[in-house]
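This report concerns only the one structure given below.
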Ligand SMILES: *Cc1c(COP(=O)(O)O)cnc(C)c1O
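Numbering (my numbering), first residue to last: -6 to 363.
Laid out in structure tokens, this is it:
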């Protein structure tokens, strides 16, 4: 036995083959590398307005209780989510980010004998949680960078246990219509769990949103996931949740860690839901920033994938890595998405007007100098 590999060989096979999730480059890291302070990070779909004042004061008020365990059932936050969504509290599962929900679903429903369906270019965490439990991923070729729902249905067989659909999808920003999703769910066997990942729900124009929560009554196999990381500006605190049938919520609750949401995250999420002005300002900033970036792409002769989220992927028609590196050297962090089979694209998170301009100026310089 090769001694240096011995521990590695002890790991379950799915884990041996895993490629770890690659997050956006942290600001502090680039600051150290470049020795400069002016860095703009448009790489992780974070809220460029930061954190709302209501959230900050809720956190202040909770600091006195840090020695206590948090409420393991998240009673207060679930009450507010229940009122807001119209589903009962026992249909809600809170997660340490919605990523944790994705993992709980995989651990609850998958075995190495079972298969999971998701689209090419879909969110990187789907293959990760699938492989970690040793299940088989069936990746369906994308249709115009979005999900091909008919092809996904055609992939269903007796071993299929789970389907992941991100709507809008990350990193492409593509959006499915409510009608297309409704008919997909009607055709999907009830023995297949469907995760509808709505991490960017709040950014979707109201008339374009899927009626996903209404479908829960009809589809006990549906899990809708949402997050506080994007529109609500709480990425650093890690809070997400799912809405599902009571049966699924009960199962997920058995698997999760008893105190998976920390106390500050719980009070912050509750406060974030009460701050309508902050949410409105966030959406407004996003709409204007999206226009600012796409106007620039048009002017530079670049194509992009129309996005319903708080980011946009632009087609450079050349390897994106050198452009990514050149942007880094100018203090701009964006996201290369070669790991999503899109090596000629960069994904740009929408920032404030000033941040967008900083990126635009850097990009313009780079593209006119090559
Ligand atoms: C960002 C994102 C999430 C979740 O992030 P959390 O911070 O874990 O809530 C989930 N799905 C998609 C598609 C995302 O882009």
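Beta carbons are placed, not taken as given, at the ideal position from N, Cα and C, and that holds for glycine.
Each residue's CA atom was taken as its position, placing residue 344 and residue 289 some 14 Å apart. The secondary-structure analysis by DSSP pairs residue 329 across a beta bridge with 339.
For residue 234, the pairing in a beta bridge is given by DSSP as 87 and 219. Per DSSP, residue 131 is one residue of the beta strand (DSSP E) stretching across 129 to 133. For residue 67, the CB stays at least 7 Å from every heavy atom of ligand 1. Relative to ligand 1, the nearest heavy atom lies less than 7 Å away from the CB of residue 220. When secondary structure is reduced to three states using DSSP, residue 147 falls in the helix class. Residue 216 is positioned such that its CB atom lies closer than 8 Å to that of residue 188. Pairing residue 25 with residue 115, the inter-Cα distance amounts to about 32 Å. Its chain contains 118 as the residues whose beta carbon lies nearer than 6 Å to that of residue 92, once the 5 sequence neighbours on both sides are disregarded; these appear in chain order. The C-beta separation of residue 42 from residue 282 comes to about 11 Å, leaving the pair out of contact by the 8 Å criterion.
Ranked by how close their Cα comes to the Cα of residue 295, the residues 192, 303, 284 and 308 have 308 in first place. In the three-state DSSP reduction, residue 197 falls in the coil class, being neither helix nor strand.
A buried status is given to residue 154, since no fewer than 16 other beta-carbon atoms sit within 10 Å of its beta-carbon. Exclusion of the five residues before and after residue 126 leaves 7, 99, 100, 103, 104 and 105 as the residues of its chain whose Cβ lies within less than 8 Å of its Cβ. Here the stretch 296 to 306 does not lie against the stretch 140 to 150, with fewer than 3 beta-carbon pairs under 8 Å apart. Cβ-Cβ distances below 7 Å link residue 191 to 160, 205, 217, 218 and 219 in the same chain, with the five nearest sequence neighbours on each side left out; the list follows chain order. Considering only 278, 336, 322 and 250, the residue with the shortest C-alpha distance to residue 66 is 250.
DSSP places residue 108 in no alpha helix (DSSP H) but in the uninterrupted beta strand (DSSP E) bounded by 108 to 112.
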